[in-house]
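J.: Keeping their order, the protein sequence lines are chains L, W, P and V.
The numbers in our numbering rise by one with no breaks, and the one at position 41 of the first sequence is 41.
The numbers in our numbering rise by one with no breaks, and the one at position 14 of the second sequence is 14.
The numbers in our numbering rise by one with no breaks, and the one at position 90 of the third sequence is 90.
The numbers in our numbering rise by one with no breaks, and the one at position 97 of the fourth sequence is 97.
We treat Cβ as the ideally placed atom computed from N, Cα and C, and that holds for glycine.
Once you've had a glance at the structure underneath, I'll fire off some questions.
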Amino acid sequence: MEVKIDLFGVTKDIIGQSEIRYSLASPAKVHHLLEKLKAEFPRLQALSSLAVAVNSDYADHDQELQENDEIALIPPVSGG
Amino acid sequence: MEVKIDLFGVTKDIIGQSEIRYSLASPAKVHHLLEKLKAEFPRLQALSSLAVAVNSDYADHDQELQENDEIALIPPVSGG
Amino acid sequence: MIAITDQPISVADVIQAVQSDRAGAVDVFIGTVRNNSLQKNVVRLEYEAYDKMAVKKMEEIALEVKAKWPVQKIAMVHRKGVLGIGEIAVVVAVSTPHRKEAFEACQYTIDTLKQVVPIWKKEFYDNGETWVANHA
Amino acid sequence: MIAITDQPISVADVIQAVQSDRAGAVDVFIGTVRNNSLQKNVVRLEYEAYDKMAVKKMEEIALEVKAKWPVQKIAMVHRKGVLGIGEIAVVVAVSTPHRKEAFEACQYTIDTLKQVVPIWKKEFYDNGETWVANHA
Numbered sequence: 001m002e003v004k005i006d007l008f009g010v011t012k013d014i015i016g017q018s019e020i021r022y023s024l025a026s027p028a029k030v031h032h033l034l035e036k037l038k039a040e041f042p043r044l045q046a047l048s049s050l051a052v053a054v055n056s057d058y059a060d061h062d063q064e065l066q067e068n069d070e071i072a073l074i075p076p077v078s079g080g
Numbered sequence: 001m002e003v004k005i006d007l008f009g010v011t012k013d014i015i016g017q018s019e020i021r022y023s024l025a026s027p028a029k030v031h032h033l034l035e036k037l038k039a040e041f042p043r044l045q046a047l048s049s050l051a052v053a054v055n056s057d058y059a060d061h062d063q064e065l066q067e068n069d070e071i072a073l074i075p076p077v078s079g080g
Numbered sequence: 001m002i003a004i005t006d007q008p009i010s011v012a013d014v015i016q017a018v019q020s021d022r023a024g025a026v027d028v029f030i031g032t033v034r035n036n037s038l039q040k041n042v043v044r045l046e047y048e049a050y051d052k053m054a055v056k057k058m059e060e061i062a063l064e065v066k067a068k069w070p071v072q073k074i075a076m077v078h079r080k081g082v083l084g085i086g087e088i089a090v091v092v093a094v095s096t097p098h099r100k101e102a103f104e105a106c107q108y109t110i111d112t113l114k115q116v117v118p119i120w121k122k123e124f125y126d127n128g129e130t131w132v133a134n135h136a
Numbered sequence: 001m002i003a004i005t006d007q008p009i010s011v012a013d014v015i016q017a018v019q020s021d022r023a024g025a026v027d028v029f030i031g032t033v034r035n036n037s038l039q040k041n042v043v044r045l046e047y048e049a050y051d052k053m054a055v056k057k058m059e060e061i062a063l064e065v066k067a068k069w070p071v072q073k074i075a076m077v078h079r080k081g082v083l084g085i086g087e088i089a090v091v092v093a094v095s096t097p098h099r100k101e102a103f104e105a106c107q108y109t110i111d112t113l114k115q116v117v118p119i120w121k122k123e124f125y126d127n128g129e130t131w132v133a134n135h136a
């Protein structure tokens with residue numbers, strides 16, 4: 001299946017785009033996505049944290065991804 | 001000596017004026033003034049606190065009063 | 001900006017008074033007239049102040065707060081006279097580099113103001129009135 | 001009032017949004033852009049937000065705060081885009097019957113906002129730029 005991932009902050013700089021489309025073998029969990037991305041973009045491994053948001057909520061690593069999920073990478077936040 | 005005493009809040013209601021002039025034997029201390037006033041206006045005794053300000057500072061009970069001091073009775077405050 | 005005023009307080013002016021390029025945090029406390037107090041229905045209230053001493057005590061609080069916290073600027077304005085429900089009685093604003101000290105300094109300021117500044121509040125109810133005493 | 005905006009934030013509007021006749025206390029936190037950060041000279045900064053999720057998380061914080069404290073009303077607005085020194089990045093306002101809870105609820109709100117709301121700050125210095133990470 002293909003998922004679209006929104007990128008923000010430093011992850012946008014590391015990956016070089018504000019969104020990417022990604023093919024994952026079904027069923028795919030959050031940790032599968034993270035492992036694949038970290039392998040392809042090693043600078044992601046240096047971040048003090050890297051969360052995944054699914055449909056505007058922080059997702060557990062073993063949450064299963066669905067094709068129409070709104071997915072985003074959440075590097076360390078710095079609002080306020 | 002004669003002193004002028006400014007009255008605020010409930011002390012103004014109890015004494016019925018916004019200022020009074022008062023004769024005290026010299027040397028007079030803060031506690032002499034308080035004792036005299038509480039004897040003359042017994043309702044002052046019912047207040048949870050009654051401070052005396054001399055020249056815009058809270059005065060100790062044994063501070064000596066001077067003729068030109070600015071004196072005020074300070075019942076429990078309720079600003080804010 | 002430290003003042004007792006018989007005019008409505010402009011919160012914007014008080015905040016403007018603590019603006020500083022070196023401050024990243026501003027905490028503002030606004031005390032307003034509630035429509036109830038100890039189960040009674042408050043219709044309005046009146047603040048009386050010993051203006052001269054009140055300003056002196058507020059200036060002393062400002063000095064104390066600046067000594068305790070890295071405060072860039074501090075402002076406090078208290079209203080006096082008759083106030084209706086919802087009107088602003090007091091505004092305290094403090095600017096600091098970081099937010100933790102802004103909250104601490106602002107809370108200390110209003111807590112201390114309520115304990116030592118010679119201002120008195122009279123509440124008017126449907127059927128009576130009373131001078132209020134703050135708890136120490 | 002809960003929002004992410006690319007326009008300057010009106011503090012007055014945020015305060016107005018928490019006005020309540022039953023509230024005696026309003027605490028307002030204003031986060032502004034400081035001219036220095038970790039000894040570096042900040043010339044401007046840029047906030048990026050995941051708007052949809054940011055608003056959802058702020059709404060969740062509001063519900064949590066209302067469950068923990070007797071909050072009458074709560075408002076939070078965060079700016080995004082390019083901001084100069086002294087500009088307002090965030091405003092949180094909370095109204096409660098008494099002041100202690102106003103301070104507690106407001107501080108909890110901004111502390112939590114900084115930890116969980118997906119907003120990112122990039123600082124621009126005289127000679128470089130960096131994405132900032134808040135401490136948890």
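Which residues in chain L have a C-beta closer than 8 Å to the C-beta of lysine 121/V? List them in chain order.
T.: Those are Ser78, Gly79, listed as they occur along chain L.
J.: For arginine 84/W, count neighbouring Cβ atoms within 10 angstroms of its own Cβ and tell me buried if that reaches 16, exposed if not.
T.: Any property of residue 84/W remains undetermined from this structure, which presents chain W solely from 1 to 80.
J.: Beta carbons nearer than 7 Å to chain P: which residues of the segment 75-99 of chain V have them?
T.: Result list: Ile85, Gly86, Pro97, Arg99.
J.: Closer than 8 Å by beta-carbon distance: list the chain P residues that pair up with arginine 22/V, in chain order.
T.: Per Cβ cutoff of 8 Å: Arg34, Asn35, Asn36.
J.: Quick check on arginine 79/P: does DSSP put it in helix, strand or coil?
T.: The answer is strand: DSSP assigns arginine 79/P an E or B state.
J.: DSSP on aspartate 21/P, reduced to helix/strand/coil?
T.: Residue state, collapsed to three classes: coil.
J.: Between serine 20/V and isoleucine 9/P, what straight-line distance do the alpha-carbon atoms span, to the nearest angstrom?
T.: Cα-Cα distance, rounded: 17 Å.
J.: Helix, strand or coil, according to DSSP, for aspartate 27/P in the structure here?
T.: Three-state result, aspartate 27/P: strand.
J.: Taking a contact to mean a Cβ-Cβ separation below 7 Å, would you say glycine 9/W touches lysine 114/P in this structure?
T.: No, Cβ-Cβ distance for glycine 9/W and lysine 114/P is not below 7 Å.
J.: Over the uninterrupted alpha helix (DSSP H) stretch that includes aspartate 111/V, give me the two end residues.
T.: Looking at the DSSP string, the run of the alpha helix (DSSP H) that includes aspartate 111/V is 99-116.
J.: Just grab the DSSP bridge partners of threonine 5/V for me.
T.: Answer is Arg79/V, bridged to threonine 5/V.
J.: Please confirm if the segment 5-19 of chain W is in contact with the segment 60-73 of chain L, defined as three or more CB-CB distances below 8 Å between the two stretches.
T.: No, they do not touch.
J.: Is it true that the CB of alanine 17/V sits closer than 7 Å to the CB of alanine 75/V?
T.: Going by C-beta atoms, alanine 75/V is nearer than 7 Å to alanine 17/V.
J.: Are threonine 32/P and isoleucine 88/P closer than 7 Å when you measure CB to CB?
T.: It is a contact, given that the beta carbons lie within the stated cut-off.
J.: Distance cutoff 7 Å, beta carbons only. Does lysine 66/P sit that close to anything in chain W?
T.: So no, lysine 66/P is outside the interface.
J.: State yes or no: is the C-beta of proline 75/L within less than 7 Å of the C-beta of leucine 50/L?
T.: Cβ distance < 7 Å, so proline 75/L and leucine 50/L count as in contact.
J.: Under the rule that 16 or more other beta-carbon atoms within 10 Å means buried, what is histidine 61/W, buried or exposed?
T.: Counting Cβ neighbours within 10 Å, histidine 61/W comes out exposed, since fewer than 16 surround it.
J.: Select from the segment 43-68 of chain L all residues with a C-beta closer than 7 Å to any C-beta belonging to chain V, and list them in chain order.
T.: Under the 7 Å Cβ criterion, the segment 43-68 of chain L contributes Ser48, Ala53, Ser56.
J.: Mind pulling the chain P residues with CB within less than 7 Å of isoleucine 110/V?
T.: Neighbours of isoleucine 110/V on chain P, chain order: Arg99.
J.: According to DSSP, is alanine 49/P helix, strand or coil?
T.: If DSSP states are grouped into helix, strand and coil, alanine 49/P belongs with the strands.
J.: Please state whether DSSP places leucine 33/W in a helix, a strand or coil.
T.: Helix at leucine 33/W.
J.: Output yes if chain V places a C-beta closer than 7 Å to the C-beta of alanine 12/P; else output no.
T.: Yes - at least one Cβ of chain V is within 7 Å of the one on alanine 12/P.
J.: Rounded to the nearest angstrom, how far is the Cβ of valine 92/V from that of arginine 79/V, given a contact under 8 Å?
T.: 13 Å between Cβ atoms; not a contact.
J.: Checking the sheet assignment: what are the DSSP bridge partners for isoleucine 80/L?
T.: Looking at the sequence itself, residue 80/L is glycine, so the reference to isoleucine does not match. Glycine 80/L pairs with nothing; no bridge assigned.
J.: Check the C-beta distance from valine 82/V over to arginine 44/V and give it rounded, since I have them as a contact under 8 Å.
T.: Yes, they are in contact, since the Cβ atoms of valine 82/V and arginine 44/V sit about 6 Å apart, within 8 Å.
J.: Could you tell me the boundaries of the beta strand (DSSP E) in which isoleucine 88/P lies?
T.: 88-96 is the extent of the beta strand (DSSP E) around isoleucine 88/P.
J.: Closest to alanine 54/V by CA distance: which of Ile15/L, Glu40/L, Val77/L is it?
T.: Nearest option by C-alpha distance: Val77/L.
J.: Drop a sphere of 10 angstroms on the beta-carbon of glutamate 48/V, count the other beta-carbons inside from all chains shown, and report buried for 16 or more, exposed for fewer.
T.: Glutamate 48/V should be labelled buried.
J.: Note down, in chain order, each residue of its chain lying with its Cβ closer than 6 Å to the Cβ of serine 48/L, except the 5 sequence neighbours on either side.
T.: Cβ within range, chain order: Pro76.
J.: When you compare the CB positions of threonine 96/V and alanine 102/V, do they come within less than 7 Å of one another, or not?
T.: Against a cut-off of 7 Å, the Cβ pair of alanine 102/V and threonine 96/V comes out as a contact.
J.: Would alanine 12/V pass as a contact of alanine 12/P if the rule is Cβ separation under 7 Å?
T.: It is a contact, given that the beta carbons lie within the stated cut-off.
J.: Could you check the C-alpha separation between valine 116/P and lysine 40/P for me, to the nearest Å?
T.: Distance between the alpha carbons of valine 116/P and lysine 40/P is about 26 Å.
J.: Just confirm the distance between the C-beta atoms of alanine 105/V and valine 42/V, as a whole number of angstroms; I'd bet it's less than 8 Å.
T.: Not a contact, Cβ separation roughly 30 Å.
J.: What does glycine 9/W touch in chain P if you count any residue whose Cβ is under 8 Å from its own?
T.: Chain P residues near glycine 9/W: Glu48, Trp120, Lys122, Trp131.
J.: Can you name, in chain order, every residue of its own chain whose Cβ lies under 8 Å from the Cβ of phenylalanine 124/V, other than the five neighbours on each side?
T.: Taken in chain order, the residues that qualify are Val42, Val43, Arg44, Leu45, Glu46.
J.: From Met1/V, Gly86/V, Gln7/V, pick the residue whose C-alpha is nearest to that of lysine 56/V; which is it?
T.: The option with the nearest alpha carbon to lysine 56/V is Met1/V.
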